[in-house]
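Participant: Encoded as structure tokens, here's the structure I'll be asking about.
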Amino acid sequence: MFTAFWRNSVIALAAILSLVSTPHNVADATVISQTKTDIAQVNLNTAPDVSLDDRIKSWIDTLSKQPGWENWKNAKWTSNPLGPGMHGWIVELSDNSQAIGYLVVLATEDGDYILSEYGKGGSPLFNKQTLAEALVNQGMVNEDIGNVVVQIDEVHPIDPNANIYVQRFYRNALEAFWRVEMEDRIAYLDANTGEKLPLDQLPNLEMNSVTQAPYKLSGSPNTLMLPAFDPYEQLTWVTAEPLPIKQLADLQTALKANPRLTYVSNLYEDAHHVPVAVLGYAKWQDNNGTYLIIEQNGERYIPLSTALLLGFFYS
């Protein structure tokens, strides 16, 4: 009985969460603009030389030409702001109404855009279905699901009937989360897994500019892709010393010696640790354009520089 209720609750809540963002076809895209929130407003001093929609279409076109990414070619996509003061957007791609991947785009101070991360799979970052499941799993909604009104930050004005108010926040590729506010509590949920984070207040958000690099995906990447595995099957990373990986060359050497590396991130000032399987890397031809590929609800391509700053590798 509970299983049926849970499934019906998630379906109903996911329907409520779907009331934002009209899909756009990659071939004829119009990006939904950032909306002013009650907390902060995006105000860039420099106008981008290339429009946001053109940059997104260019990235999608480049990725769709890579092996295994062909379904991105004719995908539709939606764009939503990442939250107050983030100067960024989450772009979710879909094919036949099914999620297939995502991009995270950040605006730079010099008037350009960078691709902070990207990935593919049915549970992309900031996916509303994942959020719906998390709200049910965390007990934030119950059998009165039909009376629950969830409002996400880009929907304005604030709905006086809303029971739950949700905001997206993106600190960097490894620290992205939902802030969920209810009448009696505030919770923080991981934007990828929906897991409740051990946070009691909003983290400092300044790191989002520290750990990024201007990736433009020029040419074709030098890619290593390895089979996925469960890092909990072998727990050597719990007691072992981390590998001395400081740059791509070190990672390449380590993967040749052992193709099953586990990456453990130390997040939110060492309050949260997440082990994930390392699938490989993708080095694009532009400067510093190297992404670490990890398995986390699908393939995620995150800046190697961010991974090196916020965690360690184990064999």
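Numbered according to mature numbering (1 follows the signal peptide of the UniProt record, and there is no 0), the sequence shown spans residues -26 to -1, 1 to 289.
All C-beta atoms in this analysis are idealised placements derived from N, C-alpha and C, irrespective of residue type, glycine included.
Model, not experiment: these values are computed from the prediction.
(1) Expressed to the nearest angstrom, what Euclidean distance is found between the alpha-carbon atoms of residue 277 and residue 266?
(2) How many angstroms separate the CA atom of residue 97 from the CA atom of residue 223?
(3) For residue 161 versus residue 144, is the C-beta distance shorter than 9 Å?
(4) Considering just the uninterrupted stretch of the beta strand (DSSP E) at residue 244, what are its terminal residues?
(5) Can you list, in chain order, the residues of its chain with a C-beta nearer than 6 Å to that of residue 92? Leave out the 5 residues immediately preceding and following it.
(6) So for residue 36, helix, strand or coil by DSSP?
(7) Straight-line CA distance for residue 24 to residue 61?
(8) Could you name the residues of the same chain whose beta carbon sits closer than 6 Å to that of residue 205, not counting the 5 residues immediately before and after it, in chain order?
(9) Straight-line CA distance for residue 258 to residue 31?
(10) Just mark residue 245 as buried or exposed, buried being the case when its beta carbon has 16 or more other beta carbons within 10 Å.
(11) Give every residue of the same chain whose Cβ lies closer than 6 Å to the Cβ of residue 47, excluding the five residues on either side of it in the sequence, and list them in chain order.
(12) With 16 as the cutoff for other CB atoms within 10 Å, does residue 159 come out buried or exposed?
(13) What is the DSSP secondary structure of residue 176, reduced to helix, strand or coil?
(14) Nearest by alpha-carbon distance to residue 178: which of 40, 233, 242 and 116 is it?
(15) Check whether the Cβ atoms of residue 282 and residue 221 sit closer than 9 Å, and answer yes or no.
(16) Just to confirm, is the Cβ distance from residue 232 to residue 289 under 9 Å?
(17) I'd like the list of long-range same chain contacts for residue 193, defined as Cβ closer than 6 Å, with 5 residues on each side in sequence excluded.
Facilitator: In short, the structure shows the following:
(1) Counting from one through the sequence shown, the residue named residue 277 turns up at place 303. Counting from one through the sequence shown, the residue named residue 266 turns up at place 292. About 6 Å.
(2) The sequence position of residue 97 within the sequence shown is 123, counting from 1. The sequence position of residue 223 within the sequence shown is 249, counting from 1. So the alpha carbons of these two residues sit roughly 31 Å apart.
(3) For this step, residue 161 is matched to residue 187 along the sequence shown. For this step, residue 144 is matched to residue 170 along the sequence shown. No, the Cβ-Cβ distance between residue 161 and residue 144 is not below 9 Å.
(4) Here residue 244 is taken as the residue at index 270 of the sequence shown, counted from 1. Premise fails: residue 244 is in no beta strand (DSSP E) and is neither H nor E.
(5) Position 118 of the sequence shown, counted from the start, is the residue given in the question as residue 92. Closer than 6 Å at Cβ, skipping near neighbours: 77 and 275.
(6) Here residue 36 refers to the residue found at position 62 when the sequence shown is read from its first residue. Note: residue 36 maps to helix in three-state DSSP.
(7) The sequence position of residue 24 within the sequence shown is 50, counting from 1. The sequence position of residue 61 within the sequence shown is 87, counting from 1. Going from the Cα of residue 24 to the Cα of residue 61 covers about 16 Å.
(8) On the sequence shown, residue 205 is found 231 positions in, with the first residue counted as 1. Counting only Cβ-Cβ distances below 6 Å, and skipping sequence neighbours, we find 236, 249 and 251.
(9) On the sequence shown, residue 258 is found 284 positions in, with the first residue counted as 1. On the sequence shown, residue 31 is found 57 positions in, with the first residue counted as 1. Rounded to whole angstroms, residue 258 to residue 31 spans 18 Å at the Cα level.
(10) Here the question's residue 245 lines up with position 271 in the sequence shown. So residue 245 ends up on the exposed side.
(11) Along the sequence shown, one-based indexing puts residue 47 at 73. So the list reads 38, once near-sequence residues are dropped.
(12) Residue numbering aside, residue 159 sits at position 185 when the sequence shown is read from its first letter. Residue 159 is exposed by the Cβ-count criterion.
(13) Residue numbering aside, residue 176 sits at position 202 when the sequence shown is read from its first letter. DSSP places residue 176 in coil when its eight states are reduced to three.
(14) In the sequence shown, residue 178 corresponds to position 204, counting from 1. With distances taken between Cα atoms, residue 178 lies closest to 242.
(15) In the sequence shown, residue 282 corresponds to position 308, counting from 1. In the sequence shown, residue 221 corresponds to position 247, counting from 1. The answer is yes: Cβ separation under 9 Å.
(16) Along the sequence shown, read from residue 1 onward, the residue named residue 232 stands at position 258. Along the sequence shown, read from residue 1 onward, the residue named residue 289 stands at position 315. Yes, the pair counts as a contact, with Cβ atoms nearer than the cut-off.
(17) Numbered from 1 along the sequence shown, position 219 holds the residue referred to as residue 193. Once the five neighbours on either side are set aside, the close Cβ partners of residue 193 are 259.
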